[in-house]
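S.K.: Using numbering that gives the first Met the number 0, the first residue of the sequence shown is number 0, and each one after it goes up by one. We put the CB at the ideal spot given by N, CA and C, even for glycine. This one's a predicted model, so the numbers in the text were calculated from it and none came from an experiment. Have a look at this one.
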Amino acid sequence: MNLDKFTQKSQGAIFVAQQIAQEHHHQTIEPIHLELALIRQDGGVVPAIVTKVAGSTLALREELEKELAKRPQIQGANLQVGLAQATADVLTAAERYAKGIQDDYVSTEHILLGLTESIEGKRLASFGLTKDAILNALKAVRGSQRVTSQNPEDTYQALERYGRDLTAYARQGKLDPVIGRDEEIR
0 MNLDKFTQKS QGAIFVAQQI AQEHHHQTIE PIHLELALIR QDGGVVPAIV
50 TKVAGSTLAL REELEKELAK RPQIQGANLQ VGLAQATADV LTAAERYAKG
100 IQDDYVSTEH ILLGLTESIE GKRLASFGLT KDAILNALKA VRGSQRVTSQ
150 NPEDTYQALE RYGRDLTAYA RQGKLDPVIG RDEEIR
């Protein structure tokens, strides 16, 4: 596993998963830690995919946090957190998915797809996050763009991120009408 082939967001997710494991006094980074780290990412692709498929990330996040609180803890001053074999398998599967859809880098959505093959796959499926549902939502979120840089998330849905849909605002009644207001405008 070469971390240079992972995007900045996916490297960040692995780092956050390590922090989550340390906060909960767990000895290894399990797939559940990685899953929670992906769900927590602000502006990430995974929360957008989960929201598109499951409606919200809140229920999944709460279930993951409850499950982590139940797990046994290791006490000690110098807790060294390692990577569990199941998590290494998830990251290997993520690399395989990236190659399968001809992406140059492993992104967070590839890790989510890798999680569907892990012990967390059943939990994801219970929220409707099957491999096919994730792939369909991924097409809606990133379109036909490929991951060709270490920071591809900035190019996804750029219009929605930096622009305003005035038609949607008008439909919602959030725009003031301009017609018939000549005197006020001048």
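Could you tell me which of E116, R141, V44, T91 sits nearest to L2, measuring between CA atoms?
M.R.: Considering only alpha carbons, the answer is T91.
S.K.: Suppose you measure from the CA of T166 to the CA of E29; what does that come to, to the nearest Å?
M.R.: Taking the straight line from one Cα to the other gives about 45 Å.
S.K.: Are the Cβ atoms of A53 and L114 separated by less than 8 Å?
M.R.: No, they are not a contact pair.
S.K.: I need the DSSP call for V45, collapsed to helix, strand or coil.
M.R.: V45: helix per DSSP, three-state reduction.
S.K.: Who does T27 pair with in a DSSP beta bridge?
M.R.: Answer by DSSP bridge pairing, in chain order: G81.
S.K.: Apart from the five residues just before and just after E66, which ones in its own chain have a Cβ nearer than 7 Å to its Cβ?
M.R.: For E66, where only same-chain residues beyond five positions count, the Cβ hits under 7 Å are I31.
S.K.: Using DSSP with H/G/I as helix, E/B as strand and the rest coil, what is V105?
M.R.: The answer is strand: DSSP assigns V105 an E or B state.
S.K.: For G120 and R163, what's the separation of their Cα atoms in angstroms?
M.R.: Approximately 36 Å between the Cα atoms of the pair.
S.K.: So, for A83: in the same chain, excluding its five sequence neighbours on each side, which residues have a beta-carbon less than 8 Å away from its beta-carbon?
M.R.: Correct list, in chain order: T27, I28, E29, P30.
S.K.: Using only CA atoms, which one of T86, R70, Q74 lies nearest to A36?
M.R.: It is T86 whose Cα lies nearest to the Cα of A36.
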